[in-house]
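The structure appears below as structure tokens.
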Amino acid sequence: MAGNWKMNMTHLQAIAFVQKLAWTLKDADHDYEQVEVAVFPPFTALRSVQTLVDTDKLKLVYGGQDLSQHDSGAYTGDISGEFLAALGAKYALVGHSERRTIHGEDDAVCQAKVQAALKHGLVPVLCVGETLEQREATDTPWDVPVAQLRAGLAELPNGAEIVLAYEPVWAIGTGKVATAEQAQEVCAALRAALVEELGEERAAATRILYGGSVKPDNVASIMREPDIDGALVGGASLKIDDFASIVRYRNHVGI
Ligand code: PEP
979 MAGNWKMNMT HLQAIAFVQK LAWTLKDADH DYEQVEVAVF PPFTALRSVQ TLVDTDKLKL
1039 VYGGQDLSQH DSGAYTGDIS GEFLAALGAK YALVGHSERR TIHGEDDAVC QAKVQAALKH
1099 GLVPVLCVGE TLEQREATDT PWDVPVAQLR AGLAELPNGA EIVLAYEPVW AIGTGKVATA
1159 EQAQEVCAAL RAALVEELGE ERAAATRILY GGSVKPDNVA SIMREPDIDG ALVGGASLKI
1219 DDFASIVRYR NHVGI
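Mind the numbering: the sequence shown is residues 979 to 1233 in our numbering, read in order.
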């Protein structure tokens, strides 16, 4: 279960938040082996989160919301995978729809970022998803996400670990959650594409997250779907009780 904080929380707020989240999950006896918990703070909070995680020996992991496709040099404002790895980050988001639309990142940039993450020992979380316009223009709404997957994973080194996040753009931050059936339909197509790209075994071992207005009251139905292995959570990851409840979705009725 991954919380994408976006451009929220100073490093001081991040410390207080992670401390309270860890206490809440400890009180609830959360089993991190069963459900991994990852947070994606802004870059400016990563060092503070690292210090807290190391000092208090917390089991949650963290990552960057983006990374540069370059290693170092004249790229003002960018953050390299090497810097994230040096801060103990495990993951890096790649191609979040806000990066694709606001920052104009295309599939080639995302592919280069996947490669850069892997080069520095990070697990890329490749985000894919269609806009409402793209969904409404077709009977096969998985076309765009599958094409983004194939482009992003081009020339993937043998054995490289990646995570996929299916995030329909029309469901991000809008309160419009895809139905569990809609999410599963696309995630099944993504899994089938993974089989073609990586083979059965690696495809089965690759986690596919769903993202888009996930909340405590809809996470259980989404997680029941066979090709959905976790969630990438935006808004609800900023509320400790909501995020802790999402993390503990197995305790919800029927799971
Ligand atoms: C996201 O930003 O990745 C996201 C899914 O946001 P939200 O949960 O707020 O829709």
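Positions of the beta carbon are idealized from the N, C-alpha and C atoms, including for glycine.
If you reduce the DSSP assignment to three classes, tell me which class residue i lands in.
i            : result
residue 1229 : helix
residue 982  : strand
residue 1185 : strand
residue 1137 : coil
residue 1055 : coil
residue 1211 : strand
residue 1161 : helix
residue 1036 : coil
residue 1142 : strand
residue 1026 : helix
residue 1176 : helix
residue 991  : helix
Can you list, in chain order, the residues of its chain with a C-beta nearer than 8 angstroms to that of residue i? Leave out the 5 residues immediately preceding and following it.
i            : result
residue 1151 : 1191, 1212 and 1213
residue 985  : 1020
residue 1016 : 979, 980, 981, 1038, 1039, 1040, 1041, 1068 and 1069
residue 1032 : 1066
If I'm right that residue i touches residue j with Cβ under 8 angstroms, what's the distance once you round it to whole angstroms?
i            : j            : result
residue 1176 : residue 1127 : With 8 angstroms as the limit, residue 1176 and residue 1127 do not qualify as a contact, their Cβ atoms being about 10 angstroms apart.
residue 1218 : residue 995  : 7 angstroms
residue 1072 : residue 1105 : 7 angstroms
residue 955  : residue 1129 : Residue 955 lies beyond the stretch modelled for the chain, which goes from 979 to 1233, so this question has no answer here.
Distance, Cα to Cα, residue i vs residue j?
i            : j            : result
residue 1111 : residue 1195 : 27 angstroms
residue 1188 : residue 1123 : 12 angstroms
residue 1108 : residue 1010 : 31 angstroms
residue 1258 : residue 1162 : The question about residue 1258 has no answer here: the residues shown for the chain are numbered 979 through 1233.
residue 998  : residue 1022 : 19 angstroms
residue 1113 : residue 1034 : 45 angstroms
residue 1008 : residue 1046 : 34 angstroms
residue 1230 : residue 1208 : 15 angstroms
residue 1165 : residue 1081 : 26 angstroms
residue 989  : residue 1133 : 36 angstroms
residue 1098 : residue 1087 : 17 angstroms
residue 1198 : residue 1226 : 10 angstroms
residue 1131 : residue 1085 : 10 angstroms
residue 1170 : residue 1179 : 12 angstroms
residue 1101 : residue 1185 : 11 angstroms
residue 1119 : residue 1144 : 12 angstroms
residue 1030 : residue 1018 : 15 angstroms
residue 983  : residue 1064 : 21 angstroms
The beta strand (DSSP E) spanning residue i covers which residue range?
i            : result
residue 1102 : 1101-1106
residue 1072 : 1069-1072
residue 1042 : 1039-1042
residue 1017 : 1016-1018
By Cβ distance, which residues of its chain are closer than 6 angstroms to residue i, with the 5 residues on each side in sequence left out?
i            : result
residue 991  : none
residue 1096 : 1138
residue 1000 : 1036
Looking at the secondary structure, which residues open and close the alpha helix (DSSP H) in which residue i lies?
i            : result
residue 1086 : 1085-1097
residue 1046 : Neither: residue 1046 is in no alpha helix (DSSP H) and is coded neither H nor E.
residue 1127 : 1121-1130
residue 1113 : 1110-1114
residue 1079 : 1075-1080
residue 1204 : Run containing residue 1204: none; DSSP gives neither H nor E here.
Cutting at 7 angstroms between CB atoms, please list the residues of its own chain near residue i, excluding the five before and the five after it.
i            : result
residue 1182 : none
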